[in-house]
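Below is one structure; the comments refer to it alone.
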Amino acid sequence: MEMLDSPLNESDVRRLRLGDIVYINGPIVTGRDEVHIRALERAGAGEDVPGCLYGATLFHCGPIMRRVDGRWTVVAAGPTTSARMNRLEPEFIRTFRPRAIIGKGGMSSETCASMRENGCVYLAAVGGAAVTYAESMAKVDGVEWEDLGMAEAIWRIDAQRFGPLVVAIDAEGNSLYDRVNDSLRR
Amino acid sequence: MIALPESVEDIVVRLLRLANTKLPMDIGWALEAGAGWETEEIAYSQLGAIMDNAKKAEFLGKPMCQDTGVPVFYVSGRFDSSVAKDISAAVRRATEEIPLRPNLVDPITRENTGDNTGLGSPFIHFMPTEDDFLQISVLPKGAGSENMTRLAMLNPADGVDGIMDFVTDAVLDAGGRPCPPSVVGVGIGGTSDVCVAMAKEALLLPLDHRNPDGQLRKMEEDLFVRLNSSGLGPMGLGGSTTVLGVNIRKAGCHTASLPVAVNIGCWATRRASVRIYGDGSYDISQGVF
Chain U
1 MEMLDSPLNE SDVRRLRLGD IVYINGPIVT GRDEVHIRAL ERAGAGEDVP
51 GCLYGATLFH CGPIMRRVDG RWTVVAAGPT TSARMNRLEP EFIRTFRPRA
101 IIGKGGMSSE TCASMRENGC VYLAAVGGAA VTYAESMAKV DGVEWEDLGM
151 AEAIWRIDAQ RFGPLVVAID AEGNSLYDRV NDSLRR
Chain L
1 MIALPESVED IVVRLLRLAN TKLPMDIGWA LEAGAGWETE EIAYSQLGAI
51 MDNAKKAEFL GKPMCQDTGV PVFYVSGRFD SSVAKDISAA VRRATEEIPL
101 RPNLVDPITR ENTGDNTGLG SPFIHFMPTE DDFLQISVLP KGAGSENMTR
151 LAMLNPADGV DGIMDFVTDA VLDAGGRPCP PSVVGVGIGG TSDVCVAMAK
201 EALLLPLDHR NPDGQLRKME EDLFVRLNSS GLGPMGLGGS TTVLGVNIRK
251 AGCHTASLPV AVNIGCWATR RASVRIYGDG SYDISQGVF
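The listed protein sequences correspond, in order, to chains U and L. Residue 42 in our numbering sits at position 42 of the first sequence, with consecutive numbering throughout. Residue 141 in our numbering sits at position 141 of the second sequence, with consecutive numbering throughout.
See the structure below:
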């Protein structure tokens with residue numbers, strides 16, 4: 001088990017090995033289907049994109065949030081299925097250079113290739129463990145693109161001991177999912 | 001039995017809260033049994049985190065997963081048309097009170113209705129029966145598992161082997177996406193629409209439910225062993241706990257057809273049922289009554 005400090009730099013992620021179990025301290029941002037679509041559209045048109053997306057620790061997650069006394073709190077926040085972002089993720093990684101993407105279920109070989117080229121790892125969170133992850137997301141720094149709705153907005157979180165996370169695609173583009181799939185017995 | 005002056009709407013809010021915050025006991029047992037078989041650290045860590053999360057959710061009264069799904073309802077027994085309105089009102093209230101994540105959007109514009117109702121939902125299956133109670137079951141269905149649904153119109157000559165291969169491929173091709181260890185619902189026969197509906201309704205059956213049809217029971221057991229021998233494991237990261245159970249339902253079909261449908265439930269296959277009697281009293285269960 002290893003603690004990582006976000007924002008991560010390239011050398012941090014290049015030394016992680018498949019199967020390592022890690023926890024994260026520091027800023028993470030949520031982003032899923034609609035964030036990928038809008039961010040790439042706006043960046044392509046030369047328009048402004050929230051700065052928090054650059055070099056981010058990106059969490060594929062659509063949380064349940066609640067506003068208590070004017071402040072946002074995370075009620076439940078597990079990972080969503082990353083494969084839905086496969087079409088846009090290679091370009092998203094080239095454009096915004098996230099150092100780590102947290103999700104579940106793994107990503108395509110094109111995405112793995114982009115991770116290798118740009119120095120990014122994929123960290124598998126436990127699907128459905130939404131209360132556990134919410135506990136380590138106590139501080140909500142803000143929200144961007146709230147008009148996308150609760151599940152699709154960008155939530156900026158200051159995480160503490162966020163995990164467990166398994167290094168499932170390393171910065172060389174090797175995938176634990178591919179290894180498991182290659183040895184499946186049907 | 002509890003006797004309180006609660007409306008059907010109140011009771012359905014209670015049902016949604018129970019389903020979302022408390023894992024059915026049979027699922028908890030199956031997860032613990034799975035953990036006992038795992039020898040790899042990663043697989044064991046995934047199951048440990050899942051069980052830990054379920055306990056926290058129950059204790060804190062929070063939804064165990066942020067994807068509180070689209071609630072699918074099954075209404076049987078004696079009822080009148082007002083029950084649809086009551087369920088709709090309950091979903092709106094539960095979304096605010098529990099809270100549930102507003103998941104329901106227009107399929108084309110992707111605009112969110114904000115309260116999990118509208119655009120033809122909540123989705124309710126009605127089955128009037130001669131019982132002297134109103135029974136309402138809810139299955140909050142998350143998208144990760146729902147997106148892995150498959151229907152095949154097999155040829156009758158494909159037979160049992162064809163069915164077994166189709167179900168196996170549906171589960172293994174889904175990989176880690178539906179949040180395994182999964183509950184596998186299978187429908188065999190009917191017409192295409194009936195077949196898919198049976199596959200989903202099979203997820204309402206507790207894992208310790210004994211299929212009364214011996215041949216189907218054998219197929220369930222064979223699929224359970226075959227899928228858990230595959231190596232896919234929790235979250236698709238490898239291991240021996242790929243499925244928690246397999247439930248098969250069948251109906252008659254056209255002599256030229258062999259429809260087979262697979263509807264996968266994630267480890268958090270959430271369900272709760274209530275029977276409301278004429279005097280306003282009711283029983284709630286997450287298994288069988």
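For glycine and all other residues, C-beta sits at the position ideal for the given N, C-alpha and C.
In the DSSP assignment, Asp141(U) falls within the unbroken beta strand (DSSP E) covering 139–144.
For Asn103(L), the nearest CB of chain U lies under 8 Å from its own CB, placing it at the interface with that chain. Contacts with chain U (Cβ-Cβ distance below 8 Å) from the region 17–46 of chain L involve Glu41, Ile42, Ser45, Gln46, listed in chain order. The Cβ-Cβ distance between Pro107(L) and Gly149(U) does not fall below 8 Å.
Cβ proximity to chain L below 7 Å picks out Val126, Gly127, Gly128, Ala129, Ala130, Val131, Thr132 from the region 126–139 of chain U.
Scanning its chain for C-beta atoms nearer than 7 Å, with the 5 sequence neighbours on each side dropped, one finds around Arg17(L) the residues Ala94, Ile98, in chain order.
The count of Cβ pairs closer than 8 Å, one atom from the region 28–40 of chain U and one from the region 51–63 of chain U, reaches three, so the stretches are in contact.
Gly34(L) and Thr241(L) have their C-alpha atoms spaced approximately 5 Å apart. A direct Cα-to-Cα measurement between Pro63(U) and Thr81(U) gives close to 13 Å. In summary, Gln135(L) is buried, with 16 or more beta-carbon neighbours lying within 10 Å of its beta-carbon over all protein chains present. Contact of Ile50(L) with chain U by beta-carbon distance below 7 Å involves Val126, Gly128, Ala129.
Taking a C-beta distance under 8 Å as the contact criterion, Ala130(U) and Cys65(L) qualify as a contact pair. For a Cβ distance threshold of 7 Å, residue set Leu172, Ser230, Gly231, Leu232 of chain L lies close to Leu184(U), ordered along the chain. Inter-segment contact for the region 264–272 of chain L and the region 18–30 of chain L is present: three or more beta-carbon pairs are separated by less than 8 Å.
Fully enclosed beta strand (DSSP E) runs of no fewer than 3 residues occupy 243–251, 258–265, 272–277, 282–285 of the region 208–285 of chain L, in order along the chain. Exposure of Thr109(L) is indicated by the presence of fewer than 16 other C-beta atoms within 10 angstroms of its C-beta. Collapsing the DSSP output to three states places Glu2(U) in a strand.
Taking a cut-off of 8 Å on C-beta distances, the region 169–178 of chain U touches the region 7–25 of chain U, as three or more cross pairs fall below it. As a beta-bridge residue in DSSP terms, Leu123(U) pairs with Ile102(U), Val167(U). Excluding the 5 residues flanking it on each side, Met1(U) has same chain C-beta neighbours closer than 6 Å at Ile21, in chain order. Sequence-distant Cβ neighbours of Gly127(U) in its own chain, meaning closer than 7 Å and more than five residues away, are Gly78, Pro79, Lys104.
Residue state for Asn174(U) is assigned as coil, using DSSP reduced to three classes. The beta carbons of Glu220(L) and Ile188(L) sit no closer together than 8 Å.
Across the structure, Pro178(L) and Val13(U) are spaced so that their CA atoms are roughly 27 Å apart.
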